[in-house]
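Remarks on the structure that follows.
Residue numbers (the numbering used here), protein chains in the order written: chain A, 1 to 101; chain B, 1001 to 1101; chain C, 2001 to 2101.
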């Protein structure tokens, strides 16, 4: 596709209680925006937790420069999150060069 | 992965009031289907708007041929949307050759 | 991005009545977790069905090893699903090598 530029999209699945903390940090690290969807699911950590706590889960995605994605990945692998049911991946996406990310 | 073919997935985050207009146009441009999820979030435009209007936001995705993705990207960068809080990106995805996109 | 490893993300859009069956099978095939979001949409099959049945639709995603993605794709193209409004695609995503998928 002509004229598009390559950036990164980071997708995080996490307990809703961490939403505010994470999106504030993502913006500090350079994200210009983010999108949140309520979700549910299962992972290695969260089966018991969800039953006990009734916790909500959110899916956060943010389209950022690759260097910002690297910083977000580093942050999410900080030891403070080691006991959280946190899933994260990074993808390559293409955007219009006139759009700011 | 053997046997899969490469197509494009377009993801658009936009005010819910534009949903009908956009999906109709996407189908006219060649999309065979689309998926919509209610979402919330923040971007450069929408912080104030959401507070004033209580607008809902939707995440629309559609899997299409690369040429259709190009047409959708052109359409979404039409001047009529210049004041809308509209985020869009295109990704490469793989699908079964027997599935129609 | 340094240090990341490449895995696959499978996204399935399907009638909510199939959710349990599919996620159980995905886990049997090797998925360590999955995320589900309620969605709505349109495809070639589902226009009439949704009107008649009021069926809910879900978007299931699971991050897995490429070999597991292949098995999931095979399973979803089993003749048993031939009349279902089922959309599926596979993408390449990057994850931290310390995270288990």
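Every residue gets a Cβ at the ideal spot worked out from N, C-alpha and C, and that includes glycine.
Model, not experiment: these values are computed from the prediction.
Inter-segment contact for the segment 1081 to 1096 of chain B and the segment 2083 to 2096 of chain C is present: three or more beta-carbon pairs are separated by less than 8 Å. For residue 4 of chain A, the neighbours in chain B by C-beta distance under 8 Å run, in chain order, 1073 and 1090. Residue environment analysis places residue 2056 of chain C among the exposed positions, since fewer than 16 neighbouring C-beta atoms fall within 10 angstroms of its C-beta.
A distance below 9 Å separates the beta carbons of residue 1058 of chain B and residue 1016 of chain B. The segment 1063 to 1081 of chain B and the segment 68 to 78 of chain A do not touch, with fewer than three beta-carbon pairs separated by less than 8 Å. Going by beta carbons, residue 13 of chain A and residue 36 of chain A fall outside the 9 Å limit. Sixteen is the threshold: when 16 or more other Cβ atoms of the shown chains lie within 10 Å of the Cβ of residue 42 of chain A, as they do, the residue is buried.
Considering only beta carbons, the part of the segment 59 to 85 of chain A lying closer than 8 Å to chain B consists of 63, in chain order. Rounded to the nearest whole angstrom, the C-alpha separation of residue 1011 of chain B and residue 1025 of chain B is 14 Å.
Closest option to residue 83 of chain A, judged by alpha-carbon separation, among A:64, A:38, A:18 and A:100: A:18.
Scanning its chain for C-beta atoms nearer than 7 Å, with the 5 sequence neighbours on each side dropped, one finds around residue 69 of chain A the residues 8, 10 and 90, in chain order. Listed by position along chain A, the residues whose Cβ is nearer than 8 Å to that of residue 2094 of chain C are 89, 90 and 91. Straight across, the Cα-Cα distance linking residue 2099 of chain C with residue 1080 of chain B is about 44 Å.
As a beta-bridge residue in DSSP terms, residue 1059 of chain B pairs with B:1013 and B:1037. Rounded to whole angstroms, the separation of the alpha carbons of residue 6 of chain A and residue 2078 of chain C is 35 Å. DSSP places residue 1094 of chain B in the strand class (E or B) of the three-state scheme.
In the DSSP annotation of this structure, residue 1032 of chain B is not part of any alpha helix (DSSP H), being labelled neither H nor E. Neighbours of residue 33 of chain A in chain B, taken as residues at a C-beta separation under 7 Å, are given in chain order as 1041, 1042, 1043, 1044 and 1087. Put simply, the CB of residue 2023 of chain C is far from chain B, with every gap to its CB atoms at 9 Å or more.
Chain B places a beta carbon closer than 9 Å to that of residue 2013 of chain C, counting this residue as a contact.
In the three-state scheme derived from DSSP, where H, G and I count as helix and E and B as strand, residue 2042 of chain C is classed as strand. The beta carbon of residue 37 of chain A sits closer than 9 Å to some beta carbon of chain C. Looking at the DSSP output, residue 89 of chain A shares a beta bridge with A:11.
Chain-ordered, the chain C residues with CB closer than 9 Å to the CB of residue 1009 of chain B read 2011, 2089 and 2091. Taking residue 39 of chain A as reference, the option from C:2101, C:2062, C:2067 and C:2003 with the minimal CA-CA separation is C:2062.
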